[in-house]
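Residue numbers (the working numbering): 78 to 144.
In structure tokens, the structure reads:
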């Protein structure tokens, strides 16, 4: 089983980079699960439902939050 866990996404540029790269990473690395910590994805202050939807649409399987 191949799992990739990406650390804390902070802000729009990091969020967009992950959204853009996720499909390619999944294929290139033959990932079974792609996990992302998104607690600071909304400009460093939490996460919104819209951001969660965008991350899931990009192929992220699991979102984590909190310390």
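A virtual CB, placed ideally from N, CA and C, is assigned to each residue, including glycine.
Pair within 7 angstroms by beta-carbon distance, residue i and residue j
i           : j           : result
residue 114 : residue 84  : yes
residue 82  : residue 112 : yes
residue 108 : residue 79  : yes
residue 98  : residue 137 : no
Nearest-angstrom beta carbon gap, residue j and residue i [assumed within contact, 8 angstroms]
i           : j          : result
residue 135 : residue 96 : 4 angstroms
Unbroken beta strand (DSSP E) run spanning residue i, endpoints
i           : result
residue 114 : 110 to 114
residue 139 : 139 to 141
Assigned exposure category for residue i - 16 Cβ within 10 Å defines buried
i          : result
residue 89 : exposed
residue 94 : exposed
residue 92 : buried
Host alpha helix (DSSP H) of residue i (start-end)
i           : result
residue 133 : 126 to 134
residue 95  : 88 to 106
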